[in-house]
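Undergrad:
Numbering (the working numbering), first residue to last: 79 to 368.
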């Protein structure tokens with residue numbers, strides 16, 4: 079067997095647990111093992127540092143037990159098992175050492191998306207942990223120490239209260255089923271002094287995408303200031319309810335869709351109202367224009 083370019087003859091001995099050398103083939107590693115001699119005397123002997131060696135077509139890195147006072151180097155079971163060696167005995171008493179076939183190295187392929195490739199070059203040491211300054215400046219946005227929780231859902235009583243209103247709106251055609259890529263959340267607001275729940279649609283995401291319009295009419299309070307002081311009788315027309323019954327254009331109705339799961343039936347569905355929405359940014363402006 080070649081050890082670091084030097085050929086060393088070994089005696090195969092199955093009674094030896096370790097590969098034994100009688101000369102230092104490398105510096106001592108500081109690791110020791112207790113051996114028992116035939117005289118039952120226990121002694122501690124050191125190991126040499128792992129070194130590259132070649133036996134046949136096998137190249138391995140192995141450590142050697144250093145026994146200066148041993149007569150011959152021994153090839154023990156540790157190296158024989160590492161290279162997959164087999165020993166066969168013939169009827170005439172001869173033995174043959176067969177080395178295991180050298181297996182080709184396994185190639186592990188890892189497919190990583192390009193946007194995640196940077197993770198392969200990051201260190202997992204403690205130095206790469208989150209800096210305290212960043213955690214204090216931007217709290218509650220880091221995965222470290224901020225375990226995910228369950229999203230807060232509607233209480234069952236609130237869901238049943240909302241479902242009553244939705245069934246009524248669907249029955250009278252004020253809501254219709256649809257399939258929309260935009261689904262805004264809905265909230266349940268309890269009416270003061272009652273057990274009823276008021277349905278409120280959260281249109282903040284829609285309002286952020288809407289261009290702000292500016293009225294071309296005078297301020298309504300300016301018009302009220304033009305009323306003569308001697309006027310005694312007034313007629314007040316509430317146009318609010320009539321205005322919010324006006325239908326939206328069919329192309330705009332999916333923008334105000336919402337998704338809801340029936341608390342008794344189970345399946346989720348999207349619905350949208352054909353009328354103007356009070357929560358829309360432009361609703362008040364359009365009401366004044368009317």
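Each residue gets a CB set at the ideal place from its N, CA and C atoms; glycine is no exception.
For a quick check, are the C-beta atoms of residue 236 and residue 275 less than 8 angstroms apart?
TA: Yes. Within cutoff.
Undergrad: Kindly indicate which residue of 247, 129 and 311 has the alpha-carbon position closest to the one of residue 84.
TA: Answer by Cα proximity: 129.
Undergrad: Any contact of the region 108-127 with the region 141-150, i.e. 3+ C-beta pairs under 8 angstroms?
TA: The region 108-127 is in contact with the region 141-150.
Undergrad: Out of 95, 334, 200 and 273, point me to the one whose CA is closest to residue 160's CA.
TA: Among 95, 334, 200 and 273, the Cα nearest to that of residue 160 belongs to 95.
Undergrad: Between 252, 273 and 337, which has its C-alpha nearest residue 326's C-alpha?
TA: Comparing Cα positions, the closest option is 252.
Undergrad: Would you list, in sequence order, the uninterrupted alpha helix (DSSP H) runs of no fewer than 4 residues that lie entirely inside the region 119-164?
TA: Correct list: 155-160.
Undergrad: I'd like the span of the beta strand (DSSP E) that includes residue 234, first residue to last.
TA: Residue 234 -> not in any beta strand (DSSP E); alpha helix (DSSP H) instead, spanning 234-249.
Undergrad: Below 8 angstroms, how does it come out for the region 147-161 and the region 90-107: are there three or more Cβ pairs, yes or no?
TA: Yes, since at least three Cβ pairs between the region 147-161 and the region 90-107 fall closer than 8 angstroms, the two stretches touch.
Undergrad: So the beta strand (DSSP E) residue 284 belongs to, where does it begin and stop?
TA: Where residue 284 is concerned, there is no enclosing beta strand (DSSP E), although the alpha helix (DSSP H) it sits in stretches over 282-286.
Undergrad: In angstroms with no decimal places, state the Cα-to-Cα distance between residue 284 and residue 318.
TA: So the alpha carbons of these two residues sit roughly 22 angstroms apart.
Undergrad: If you draw a straight line from the alpha carbon of residue 176 to that of residue 132, how long is it in whole angstroms?
TA: Each residue's alpha carbon lies about 15 angstroms from the other.
Undergrad: For the candidate residues 342, 280 and 290, whose alpha-carbon lies nearest to that of residue 334?
TA: The residue with the shortest Cα to Cα distance from residue 334 is 280.
Undergrad: Residue range of the beta strand (DSSP E) that residue 275 falls in?
TA: First-last of the beta strand (DSSP E) with residue 275: 275-279.
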